[in-house]
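Residue numbers (the numbering used here), protein chains in the order written: chain P, 143 to 287; chain Z, 3 to 155.
Note sheet for the following structure.
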Amino acid sequence: MTLVERLAEAKRSGDCQALLDIIPYSRFLGLQGRASGDELITTMKFSEHLIGNPALPALHGGTLGALLESAAIFELLWRAETIVLPKTITLTVDYLRSGGPQDTHARSIVTRHGRRVANVRVEAWQADRGTPVATAHAIFLVMRE
Amino acid sequence: MSSDDKPSEKPLRVSRGFVDHIPHNKALGMQMLEFKRAEAVFELPYDEKLVGNPDTGVLHGGAITALLDACSGAAVFAALTEWSPIATLDLRIDYLRAGEPGKTITARAHCYRLTRNVAFTRAVAYHDDETDPIATSMGTFMLGTKPGGPPKP
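Rendered as structure tokens:
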């Protein structure tokens, strides 16, 4: 099966974890997906290999960027009627506070989904949803090749 | 001799720590190739666990984000004459083309402006030819943030 077929299969079965597990890098980061009501929450389970500053300790900024980008991609895959693997055009991450050694959750909002381009805003938080650790906006190419 | 030409011993001593003592850099398999005068060069060898598209074998953008973030942060340290804790404020990455499967990605970052509070960086990620980039980034870093201590040499 091709990637798109496997993604479509995971989507049909309503299993967002299966959707995440298809991507090797998502497994490397330890991402977990959960659909709760209307929301799709992507969680990066804490693991020592995500640490960027062992003295604080704090998560590596790259892991937060990767979580935000992945969460945006999963939102697009989950919501889209036909599956196209979104290609990131640009990603802008605002780092608001250091991420502690604990699970980090992310939630995306598709602000515009056009024929060729989708704009997505993403927010990541840890224990307190009202206190985000990082936010991002990303633009994706979402057209068939 | 301009102040730019003075070797800054302190940052150089922490240089090896960027990989050896930062678990995520180590997990990604990053290496630091250069660290001098507001510039840093890192490389990220190809690894199947970092793939974003299993059909094509192309690396996930997140791995490139981590590489550019780490390399840009190192460029800030390379610009400092005295060690100071830093924190990324923002990082914008433009993905210009897909990386090629099996090939190492190199990143070169330059801290092109350093003020008392903020450092500004530019970086480029490429395979063999810096003029044919895979991704470019612009970042800002806050200086003198909550001390966590430098990476150990």
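The beta carbon of each residue, even a glycine, is placed where N, CA and C say it ideally should be.
Say yes only if the C-beta of Asn55 of chain Z is nearer than 7 Å to one or more non-hydrogen atoms of the ligand NAD, and no if none qualify. The model on display carries no ligand, and the ligand NAD is accordingly not part of it.
Measure the alpha-carbon distance for Ala214 of chain P versus Gly146 of chain Z and round it to whole angstroms. Ala214 of chain P and Gly146 of chain Z: Cα-Cα distance of roughly 32 Å.
Is there contact between the region 166 to 183 of chain P and the region 73 to 87 of chain Z, where contact requires at least three CB pairs shorter than 8 Å? They do not touch, by the three-pair rule.
Name the two residues that bound the continuous beta strand (DSSP E) containing Ser250 of chain P. Per DSSP, the continuous beta strand (DSSP E) segment holding Ser250 of chain P begins and ends at 246 to 255.
Can the beta-carbon of Ala68 of chain Z be found closer than 8 Å to that of His202 of chain P? Contact: yes.
What does Leu145 of chain P reach in chain Z if we use C-beta pairs closer than 9 Å? Within 9 Å Cβ-Cβ: Asn55, Pro56, Asp57, Thr58.
Within a Cβ cutoff of 8 Å, which residues of the same chain sit near Gly31 of chain Z, ignoring the five residues on either side of it in sequence? Once the five neighbours on either side are set aside, the close Cβ partners of Gly31 of chain Z are Leu46, Pro47, Asp49.
Among the candidates Z:Thr106, Z:Gly141, Z:Gly104, whose CA atom is the shortest distance from the CA of Ala125 of chain Z? Nearest Cα to Ala125 of chain Z within the set Z:Thr106, Z:Gly141, Z:Gly104: Z:Gly141.
Between which two residues does the beta strand (DSSP E) holding Arg154 of chain P run? Secondary structure note for Arg154 of chain P: it is in no beta strand (DSSP E), and the uninterrupted alpha helix (DSSP H) holding it is 145 to 154.
Count the other C-beta atoms from every protein chain shown that fall within 10 angstroms of the C-beta of Leu210 of chain P, then say buried if there are 16 or more, exposed otherwise. When all chains shown are included, Leu210 of chain P counts as buried.
Output the distance between the C-alpha atoms of Ala197 of chain P and Phe188 of chain P, rounded to the nearest integer angstrom. Spanning the two alpha carbons is a distance of roughly 16 Å.
Do the region 270 to 287 of chain P and the region 228 to 237 of chain P touch if we need at least three Cβ pairs shorter than 8 Å? Under the 8 Å Cβ criterion, the region 270 to 287 of chain P counts as touching the region 228 to 237 of chain P, having at least three qualifying pairs.
Below 7 Å between beta carbons is the criterion; list the residues of the region 122 to 143 of chain Z that meet it against any residue of chain P, in chain order. Within the region 122 to 143 of chain Z, no residue places its CB atom closer than 7 Å to a CB of chain P.
Where Ala121 of chain Z and Phe143 of chain Z are concerned, what is the direct C-alpha to C-alpha distance, given to the nearest angstrom? When the Cα atoms are used, Ala121 of chain Z and Phe143 of chain Z turn out to be separated by approximately 5 Å.
Out of curiosity, what's the CA-to-CA distance linking Val275 of chain P and Val259 of chain P? In this structure, the CA atom of Val275 of chain P is about 27 Å from the CA atom of Val259 of chain P.
Please list, in chain order, the residues of the region 217 to 239 of chain P that have any C-beta partner in chain Z closer than 8 Å. Listed by position along the chain: Leu227, Lys229, Thr230, Ile231, Thr232, Leu233, Thr234, Val235, Asp236, Tyr237.
Counting only Cβ pairs nearer than 7 Å, list the residues of chain P close to Leu145 of chain Z. The contacting residues do not exist; Leu145 of chain Z stays about 14 Å from chain P at best.
Less than 8 Å between CB atoms is the rule here; does Ile88 of chain Z satisfy it with respect to chain P? By this cut-off, Ile88 of chain Z is not an interface position.
Any idea if Gln268 of chain P is buried or exposed, counting beta-carbon neighbours within 10 angstroms, 16 or more meaning buried? So Gln268 of chain P counts as buried.
For the beta strand (DSSP E) containing Val126 of chain Z, list its first residue and its last residue. For Val126 of chain Z, the enclosing beta strand (DSSP E) starts and ends at 120 to 128.
Strictly by DSSP, which residues pair up with Arg169 of chain P? Answer is none; Arg169 of chain P lacks a bridge partner.
Confirm, please, whether the CB-CB distance from Pro25 of chain Z to Glu190 of chain P is below 8 Å. Cβ distance < 8 Å, so Glu190 of chain P and Pro25 of chain Z count as in contact.
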